[in-house]
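Residue 749 is where the sequence shown starts when you use this note's numbering, and the numbers rise one by one after that.
Glycine is no exception: its CB is placed at the ideal position from the N, C-alpha and C atoms.
Structure, as structure tokens:
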Amino acid sequence: MTRNMEDLWRQVFSVGTEWEAMDEIYGSNWDFSNLENAFEEGGELLGQNVYLFGCTETQGIADASLVPVVVAVVSRFAPSDKIAIVSVQRANEQIWPMKRLKMDWYPYIPLGRRDAKVEDLKSCRVFILRCKQRKVGLKQLGIDRAKEYDYCLPHFYNPFKKDEDDQQESEVQILFSRESEPPLICSFDWELDVLDELIEQEALAADEKDAFKDFVKEKVREAKKVQREAREAKEKMLQEMGDETRAAFDSIRFYKFYPVSLPGSPEIAKSSFINRAYDSEVFLLFSKFGR
């Protein structure tokens, strides 16, 4: 008998998974009946506004393999319309609109309702992250843009969470142009570094020292201004936020689903960690593991 939400996990886009691994992941017969059961009577997700996205985790060491995972976000509003691009090669995390990568939240229509009218679907309360980018079209994007799909993570910003963002960076990146020498590339931490010591360390010519000092000081002023404006904007947003919005943020819950381990197959290792973007941006209030 066909289950009404049997294809749910396959409809959810696996964010940050290399395109070469997609066919293997979605082509395997993983058992996500635990996810389906969560929408049944007595399930954690029944009657809730739910947003689902997928990802993969590596299992094993000697014989490593990828396992799909589905994260359910119970929220009155879409968790985010942003994607974080995070990789070892990138100095800073970059935040882009989802639509830059052709991603968005779409209503999930159970198998038994695929012939429903558009008007009947407005009451949909289950939304899935989907990506309209086709694998064959990646070549047209160039290597750097195509690689963004390998390093992207769903981004969520919780304005009430105090994290490392409240301990603002005191380091600026310096790219100082010189007439007869290659550009000077370095960093300066206005809390820890001494500008005169940096000048001596970089062995600047006498006629470059004053210009370099002014350049670094201007970079520091710019960075402090950006931080101050961001801090003031956050404070203003919190002051103007209504009680209903505050309650909506407070009620957000996260559930993490692994495939059900089949008899005779290795046990799947489970973790409450979602991803680097969520770990740094939102408190994991609750996680439900596949069982």
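Check: Is it a yes or a no for the region 776-788 touching the region 972-985, going by three-plus beta-carbon pairs under 8 angstroms?
Finding: no
Note to self: Which complete beta strand (DSSP E) runs does the region 968-1028 hold, if anything under 3 residues is left out?
What the structure shows: 1001-1005
Checklist line | CB of TYR799 within 8 angstroms of CB of PHE875, strictly | finding: yes
Next item on the list: Leaving aside the five residues before and after ILE843 along the sequence, list all residues of the same chain whose C-beta is less than 7 angstroms from its C-beta, in chain order.
Entry: LYS830, ALA832, HIS903
Margin query: Suppose the cutoff is 6 angstroms on Cβ atoms and the five residues either side in sequence are ignored; what does the same chain contact list for PRO827 look like?
Written below: TYR799, VAL821, PHE904
Next item on the list: For chain D, find out if any of its Cβ atoms is closer than 8 angstroms to the Cβ of ALA812; answer yes or no.
Entry: Absent here is chain D; the protein component of the structure consists of one chain.
Notebook entry, point to check: Beta-carbon separation of ARG878 and PHE761 under 8 angstroms?
Noted result: yes
Notebook entry, point to check: Going along the chain, which residues of its own chain have a beta-carbon closer than 6 angstroms to the beta-carbon of GLN921, five neighbours each way excluded?
Noted result: Excluding sequence neighbours, GLN921 sits near SER935.
Checklist line | DSSP beta-bridge partners of PHE801 | finding: VAL819
Notebook entry, point to check: Can you tell me whether GLN796 is buried or exposed, with buried defined as 16 or more other CB within 10 angstroms of its CB?
Noted result: Taking all protein chains shown into account, GLN796 has 16 or more neighbouring C-beta atoms within 10 Å of its C-beta and is therefore buried.
Notebook entry, point to check: If you draw a straight line from the alpha carbon of LYS972 to that of ALA959, how long is it in whole angstroms?
Noted result: For LYS972 and ALA959, the distance between alpha carbons rounds to 20 angstroms.
Note to self: Taking the alpha carbon of GLN759 as the reference point, which residue from ALA786, PRO816, THR993, LYS1004 has its own alpha carbon closest?
What the structure shows: PRO816
Next item on the list: Would you mind stating whether PHE787 and LEU794 have Cβ atoms separated by less than 8 angstroms?
Entry: Yes, they are a contact pair.
Notebook entry, point to check: So what's TRP853 in DSSP terms, helix, strand or just coil?
Noted result: Look at TRP853 here: in three-state DSSP terms it is strand.
Notebook entry, point to check: GLN759 by DSSP, collapsed to three states: which one?
Noted result: helix
Margin query: Just verifying my parser: in three-state terms, what is the DSSP assignment at ALA832?
Written below: strand
Next item on the list: Report yes if the CB atom of PHE1005 is closer than 8 angstroms to the CB atom of ASN906, and no otherwise.
Entry: The Cβ atoms of PHE1005 and ASN906 do not sit closer than 8 angstroms to each other.
Checklist line | Buried or exposed (CB count within 10 angstroms, at least 16 for buried), ILE1000 | finding: buried
Note to self: Going residue by residue through the region 879-960, where are the continuous beta strand (DSSP E) segments of at least 3 residues, counting only ones entirely within it?
What the structure shows: 900-902, 919-924, 932-937
Margin query: Checking 8 angstroms against the spacing of the C-beta atoms, do ASN752 and PRO858 come in under that value?
Written below: yes
Check: TRP844 lies in the alpha helix (DSSP H); which residues open and close that run?
Finding: It is not in any alpha helix (DSSP H) - TRP844 instead sits in the beta strand (DSSP E) that spans 842-845.
Check: Just how far apart, CA to CA, sit GLU896 and GLU1015?
Finding: The straight-line gap from Cα to Cα measures roughly 32 angstroms.
Item checked: Through-space distance from GLU919 to ASP944, alpha-carbon basis -> 16 angstroms
Next item on the list: Go to GLY775, then tell me how far its alpha helix (DSSP H) extends in each direction, as first and last residue.
Entry: 767-775
Next item on the list: Measure from the alpha carbon of PRO1008 to the alpha carbon of each residue in ILE891, GLU772, ASP755, ASN777, then state which is nearest.
Entry: Sequence check: residue 1008 is Val here, not Pro. Closest option to VAL1008, Cα to Cα, is ASN777.
Margin query: Rounded to the nearest angstrom, what separates CYS872 and GLN807 at their Cα positions?
Written below: 34 angstroms
Note to self: Rounded to the nearest angstrom, what separates SER1019 and THR804 at their Cα positions?
What the structure shows: Using only the alpha carbons, I get a separation of about 12 angstroms.
Notebook entry, point to check: DSSP on LEU783, reduced to helix/strand/coil?
Noted result: helix
Check: Which one or two residues does DSSP pair with PHE875 in a beta bridge?
Finding: TYR799, PRO855
Notebook entry, point to check: For LEU901 versus GLY764, is the C-beta distance shorter than 8 angstroms?
Noted result: yes
Notebook entry, point to check: Can you name, in chain order, every residue of its own chain whose Cβ lies under 6 angstroms from the Cβ of MET749, other than the five neighbours on each side?
Noted result: Model confidence at MET749 stands at a pLDDT of 46, short of 50, so the residue's coordinates are unreliable and nothing is read from them.
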